[in-house]
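Asks: Pasting a structure here, questions to come.
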Amino acid sequence: MRTLWAAVLVVASTAVYASESEAVKHAQHARFYGNAAGRSAEFACSMRHIQRLNQGPVVIVRSWFREGGMEDLRVVLMSAIDVWAKVKADAQLNSSKDQFDKLLGAFANKNYPQAAVEGPRLLEIVKANRGANDPLYADVLELVGEAKAFQRQHDEALAVYLSVLELRRKAKPASDSKAAYEARVSLARIMSKAADRYWILAKDPDAARLRSDANTLYGDERRIADIDMSDQLASTRTPIDPKFPSCVDALLKRVPR
């Protein structure tokens, strides 16, 4: 599927722009890695660059984002497992473990409508034990947003992401450097997700407003890094071709792991 998107993108780009333009170069990079094993992040990185350039066939790029191009189940499952570890470590939340297993199972089975049902049930348990302003509540709420995004329910996903964004902005400063770093990354990621949702829905001024904040751009880059981390677990991985240097490697030089 990535190969088809990339092929259309290259044709549309070269029909309008000179072959040496940045938009065309990124489209060609996407085409080369479009069907490459273990290189989803290279493709996503190219699409992100074309989006930022706002050149070439923006309609095609927007369609890729709308059809779930940046949604990666592997990344969501890793996030869900992190949340599960927090739930497991809290004796107050013992009663929620079965409910969380249902949510995780729904994602693992790609049953996103069921995940959208199980998520709010878990939220009520977290709210009853920790309150709606607790960071764990925001983490679970974000998973609800992911279930909406996987179903292409972009308006609903945006509403959830904006709620998560508000909670993370109001959160108390973390007490240690590791927690502070994690809080910064979580805030940046949700800003990126909200900006993407605005852009998908053609609310470009709202997307631009969020992307005027450096945290949102950092979130864009962190999300590419997350996909690349999942790619590294692939059983086979296509080598980087010198003719098409890694977009991800260049980006990760600026993004701490």
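Taking my numbering, the leading residue of the sequence shown gets 4, the next gets one more, and so forth. Note that beta-carbon positions come from the ideal geometry of N, C-alpha and C, so glycine has one too.
Give the secondary structure of residue 231 by DSSP, where H, G and I count as helix, E and B as strand, and everything else as coil.
Replies: If you number the sequence shown from 1, residue 231 lands on position 228. Residue 231: helix per DSSP, three-state reduction.
Asks: Along the alpha helix (DSSP H) that carries residue 53, what are the first and last residues, could you check?
Replies: Translated into the one-based positions of the sequence shown, residue 53 becomes position 50. 43-56 is the span of the alpha helix (DSSP H), which, as asked, contains residue 53.
Asks: How many angstroms separate the CA atom of residue 213 from the CA atom of residue 118?
Replies: Reading the sequence shown from its first residue, position 210 is the one you call residue 213. Reading the sequence shown from its first residue, position 115 is the one you call residue 118. Cα-Cα distance, rounded: 28 Å.
Asks: Pick helix, strand or coil for residue 81, following the three-state DSSP scheme.
Replies: Position 78 of the sequence shown, counted from the start, is the residue given in the question as residue 81. Three-state DSSP puts residue 81 in a helix.
Asks: Count the CB pairs spanning the region 184-193 and the region 154-163 that are closer than 8 Å, and state whether there are at least three.
Replies: As far as the Cβ criterion goes, the region 184-193 does not touch the region 154-163, which means the pair count is below three.
Asks: Can we say the region 98-107 touches the region 82-90, given the rule of at least three CB pairs closer than 8 Å?
Replies: Output reads yes: the region 82-90 touches the region 98-107.
Asks: Taking the C-alpha atoms as reference points, what is the distance between residue 63 and residue 253?
Replies: Position 60 of the sequence shown, counted from the first residue, corresponds to residue 63. Position 250 of the sequence shown, counted from the first residue, corresponds to residue 253. If I take the Cα positions, the gap works out to 24 Å.
Asks: Which residue comes first and which comes last in the alpha helix (DSSP H) that contains residue 124?
Replies: Sequence index remark: in the sequence shown, residue 124 carries index 121 (1-based). From DSSP, the alpha helix (DSSP H) with residue 124 extends over 115-133.
Asks: Of all the alpha helix (DSSP H) runs that stay within the bounds of the region 166-237, which reach a length of 4 or more residues?
Replies: 180-203, 207-214, 217-234, all fully within the region 166-237.
Asks: In whole angstroms, give me the CA-to-CA distance for residue 116 and residue 150.
Replies: Locating residue 116 in the sequence shown gives position 113, where the first residue counts as 1. Locating residue 150 in the sequence shown gives position 147, where the first residue counts as 1. Rounded to whole angstroms, residue 116 to residue 150 spans 7 Å at the Cα level.
Asks: Given a cut-off of 8 Å, decide if residue 227 and residue 34 are closer than it, judged by their beta-carbon atoms.
Replies: Locating residue 34 in the sequence shown gives position 31, counting from the first residue. Locating residue 227 in the sequence shown gives position 224, counting from the first residue. No, they are not a contact pair.
Asks: Would you say the region 239-255 touches the region 199-219, given that touching needs at least three Cβ pairs under 8 Å?
Replies: The region 239-255 is not in contact with the region 199-219.
Asks: Rounded to the nearest angstrom, how far is the Cβ of residue 200 from that of residue 161, given a contact under 8 Å?
Replies: Translated into the one-based positions of the sequence shown, residue 200 becomes position 197. Translated into the one-based positions of the sequence shown, residue 161 becomes position 158. With a Cβ gap of about 4 Å, residue 200 and residue 161 count as contacting.
Asks: Is residue 34 helix, strand or coil by DSSP?
Replies: Taking the first residue of the sequence shown as position 1, residue 34 is located at position 31. Helix at residue 34.
Asks: Who are the near neighbours of residue 19 in its chain, counting only those whose CB is closer than 6 Å to its CB and skipping five residues on each side?
Replies: As a position in the sequence shown, residue 19 is number 16, starting the count at 1. Low confidence applies to residue 19: its pLDDT is 48, below 50, so where it sits in the model is not reliable, and the reading given next is rough at best. Nothing listed; no residue qualifies.
Asks: Have a look at residue 25 and residue 229 and give me their C-alpha separation to the nearest angstrom.
Replies: Here residue 25 refers to the residue found at position 22 when the sequence shown is read from its first residue. Here residue 229 refers to the residue found at position 226 when the sequence shown is read from its first residue. Distance between the alpha carbons of residue 25 and residue 229 is about 24 Å.
Asks: Counting C-beta neighbours from all protein chains within 10 Å, is the total for residue 134 16 or more, i.e. buried, or is it exposed?
Replies: Within the sequence shown, numbered from 1, the residue matching residue 134 stands at position 131. The residue in question, residue 134, is exposed, as its Cβ has fewer than 16 Cβ neighbours within 10 Å.
Asks: Is it the case that the Cβ atoms of residue 223 and residue 195 are separated by a distance below 8 Å?
Replies: Counted from its first residue, the sequence shown places residue 223 at position 220. Counted from its first residue, the sequence shown places residue 195 at position 192. Result yes, Cβ atoms of residue 223 and residue 195 sit closer than 8 Å.
Asks: How about the region 39-54 and the region 120-139: do they share at least three Cβ pairs that are nearer than 8 Å?
Replies: The answer is no - the region 120-139 does not touch the region 39-54, with fewer than three Cβ pairs under 8 Å.
Asks: Note down, in chain order, each residue of its chain lying with its Cβ closer than 7 Å to the Cβ of residue 132, except the 5 sequence neighbours on either side.
Replies: What you label residue 132 is simply residue 129 of the sequence shown in a count that begins at 1. Once the five neighbours on either side are set aside, the close Cβ partners of residue 132 are 95, 96.
Asks: Are residue 221 and residue 193 closer than 8 Å when you measure CB to CB?
Replies: By one-based count along the sequence shown, residue 221 stands at place 218. By one-based count along the sequence shown, residue 193 stands at place 190. Taking 8 Å as the Cβ cut-off, residue 221 and residue 193 do not qualify as a contacting pair.
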